[in-house]
Amino acid sequence: MLSRVAENLYWMARYLERAEDTARLVRVSRHLMLDFPGTTQLGWSSLISISGADEVYNRYYTDREAASVLTFLCADRRYAGSILGALAAARENLRTTREVMPREVWEEVNRLFLESSEVFSGAIDLRRLDDFLRIVIRGSQALTGMLDGSLSNTPARTFCAVGGYLERADMISRILDVRSANLLPRTPDDLTPFENLQWMSVLKSLSAYQMYRQQVRLRVRGPDVVRFILLDPLFPRALYRCLSNLHRKLYTLPRSTLPCQRVTELQGMLATEDVAHLAESPDRLHAFIDELQLGFIRVHEAIQSTWFAGVDSPAPVLAD
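Numbering that gives the first Met the number 0 applies: residue 0 is where the sequence shown begins, and numbers increase by one.
(1) Out of 305, 198, 150, 87, which has the shortest C-alpha to C-alpha gap to residue 258?
(2) Out of curiosity, what's the CA-to-CA distance linking residue 125 and residue 263?
(3) Rounded to whole angstroms, how far is the Cβ of residue 203 from the Cβ of residue 27, which I believe are closer than 8 Å?
(4) Kindly indicate which residue of 148, 54, 21, 130 has the alpha-carbon position closest to the one of residue 86.
(5) Excluding sequence positions up to five away, which residues of its chain have a Cβ less than 7 Å from the Cβ of residue 60?
(6) Among 208, 201, 159, which residue has its Cα nearest to the Cα of residue 244?
(7) Would you kindly check if the distance between the Cβ of residue 146 and the Cβ of residue 104 is under 8 Å?
(8) Less than 8 Å separating the beta-carbons of residue 175 and residue 225?
(9) Determine the direct distance from the alpha carbon of residue 250 to that of residue 173, and round the result to whole angstroms.
(10) How do the stretch 77-94 and the stretch 103-117 stand: do at least 3 beta-carbon pairs fall below 8 Å, yes or no?
(11) Find the nearest neighbour of residue 25 within the set 3, 136, 55, judged by alpha-carbon distance.
(12) From the DSSP output, in three-state form, read off residue 261 for me.
(13) Can you check whether the CB of residue 269 is closer than 8 Å to the CB of residue 230?
(14) Between which two residues does the alpha helix (DSSP H) carrying residue 109 extend?
(15) By Cβ distance, which residues of its chain are closer than 6 Å to residue 50, with the 5 residues on each side in sequence left out?
(16) List the endpoints of the continuous alpha helix (DSSP H) containing residue 277.
(17) With a threshold of 6 Å on Cβ separation, who are the neighbours of residue 75 within its own chain once the five nearest residues in sequence on each side are excluded?
(18) Around the Cβ of residue 7, are there at least 16 other Cβ atoms within 10 angstroms (buried) or fewer (exposed)?
(19) Return the residue from the list 130, 95, 247, 220 that minimises the CA-CA distance to residue 164.
(20) Use the C-beta contact count for residue 5: other C-beta atoms within 10 angstroms, 16 or more gives buried, fewer gives exposed.
(21) I need the DSSP call for residue 0, collapsed to helix, strand or coil.
(22) With respect to the alpha helix (DSSP H) encompassing residue 213, which residues constitute its N-terminal and C-terminal limits?
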């Protein structure tokens, strides 16, 4: 397989996963704010922080009101991490590599982008937001099923899986980091109002609520949620499971020693860290997730230097 093709498929999968995860996060946050009593202030700024896009946002917007944040995250094509920006990048990466993918996958990606673009072409209409998010999430799930059911077990499928798992792990850590910052107690007597409701939103952002209740069989509590999201070996959106799947996929590729080593380092960090202590302190958890984020960067750099260095033109579509 050409390096250019492999890299395009890798980024296509990353952008599709990013669009889906962002749509899930926006939908759950919107529902959470509807559940909160009117006297409780719950802002949208945390969504910008989760995306790591504060600098880009401040370049184009002067406030953190709902309309501005939702327009930026959903429809602003100037930000390649927005839902429409990510779908456009995924579509363009796939367009240049259609020969290695089933025709149905290209048609579904193209349909998803066009249908989503028809809903919003500029500022967000809050009355149509739920329809937009439902289109994106269902379309992404349909694509996951198509790739699983119609793509042969070749390097093309492997690079799609590698990109998806790495992006998913990155989004898991971001959601847990920002959403837990004001939820974990800083002192033993510090009880956040509506804490249970907010931790439920963390789980729902990852579609983990029902699986958490089945596995943990306790009421929703911060320490249990942190442990489940980081260490559960069975749930597909738990960090441990994502890294295990990523390592397994990388191992099947030639010259995979360095990328596998970088993933193993992250697995070692999870295995040796005392999650109970992390759950007691938001500062300690934040520092740990910062280390994970640096580890994800090292994994990406190892993948890039091993398989993508000196790619043929045209280069893959990346964020501006």
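For glycine and all other residues, C-beta sits at the position ideal for the given N, C-alpha and C.
Reading from the atomic positions:
(1) Numbered from 1 along the sequence shown, position 259 holds the residue referred to as residue 258. The residue with the shortest Cα to Cα distance from residue 258 is 305.
(2) The residue labelled residue 125 in the question sits at position 126 within the sequence shown. The residue labelled residue 263 in the question sits at position 264 within the sequence shown. If you take the alpha carbons of residue 125 and residue 263, they lie about 43 Å apart.
(3) In the sequence shown, residue 203 corresponds to position 204, counting from 1. In the sequence shown, residue 27 corresponds to position 28, counting from 1. Confirmed, Cβ separation roughly 5 Å.
(4) Position 87 of the sequence shown holds residue 86. Cα-wise, what sits closest to residue 86 is 21.
(5) Looking up residue 60 in the sequence shown gives position 61. Same-chain partners within the cutoff: 67, 71.
(6) Here the question's residue 244 lines up with position 245 in the sequence shown. Nearest of 208, 201, 159 to residue 244, Cα basis: 159.
(7) In the sequence shown, residue 104 corresponds to position 105, counting from 1. In the sequence shown, residue 146 corresponds to position 147, counting from 1. Yes, these two residues count as a Cβ contact at 8 Å.
(8) The count along the sequence shown starts at 1 and reaches residue 175 at position 176. The count along the sequence shown starts at 1 and reaches residue 225 at position 226. Cβ distance < 8 Å, so residue 175 and residue 225 count as in contact.
(9) By one-based count along the sequence shown, residue 173 stands at place 174. By one-based count along the sequence shown, residue 250 stands at place 251. Taking the straight line from one Cα to the other gives about 26 Å.
(10) Contact annotation: the stretch 77-94 touches the stretch 103-117, with at least three C-beta pairs closer than 8 Å.
(11) Taking the sequence shown and counting its residues from 1, one reaches residue 25 at position 26. Residue 25 has its Cα closest to that of 136, out of 3, 136, 55.
(12) Against the sequence shown, residue 261 aligns to sequence position 262. Residue state, collapsed to three classes: helix.
(13) By 1-based counting over the sequence shown, the position of residue 230 is 231. By 1-based counting over the sequence shown, the position of residue 269 is 270. In contact: residue 230 and residue 269 (Cβ atoms closer than 8 Å).
(14) If you number the sequence shown from 1, residue 109 lands on position 110. 102-118 is the extent of the alpha helix (DSSP H) around residue 109.
(15) As a first step, residue 50 is located in the sequence shown; it is residue number 51 there, counting from the start. Once the five neighbours on either side are set aside, the close Cβ partners of residue 50 are 80.
(16) The sequence position of residue 277 within the sequence shown is 278, counting from 1. Element bounds for residue 277: 274-277.
(17) Against the sequence shown, residue 75 aligns to sequence position 76. The beta carbon of residue 75 sits closer than 6 Å to those of 81, all from its chain and outside the five residues before and after it, given in chain order.
(18) One-based indexing of the sequence shown puts residue 7 at position 8. The residue is buried, with at least 16 neighbouring Cβ atoms inside 10 Å.
(19) Stepping through the sequence shown from its first residue, residue 164 is reached at position 165. Among 130, 95, 247, 220, the Cα nearest to that of residue 164 belongs to 247.
(20) The residue you call residue 5 lines up with position 6 of the sequence shown. Classification of residue 5: buried, given that the 10 Å Cβ count is 16 or more.
(21) In the sequence shown, counting from the first residue as 1, residue 0 sits at position 1. Assignment of residue 0 by DSSP, reduced to helix, strand and coil, places it in the coil class.
(22) Start at 1 with the first residue of the sequence shown, and residue 213 comes out as number 214. Run containing residue 213: 208-215, per the alpha helix (DSSP H) assignment.
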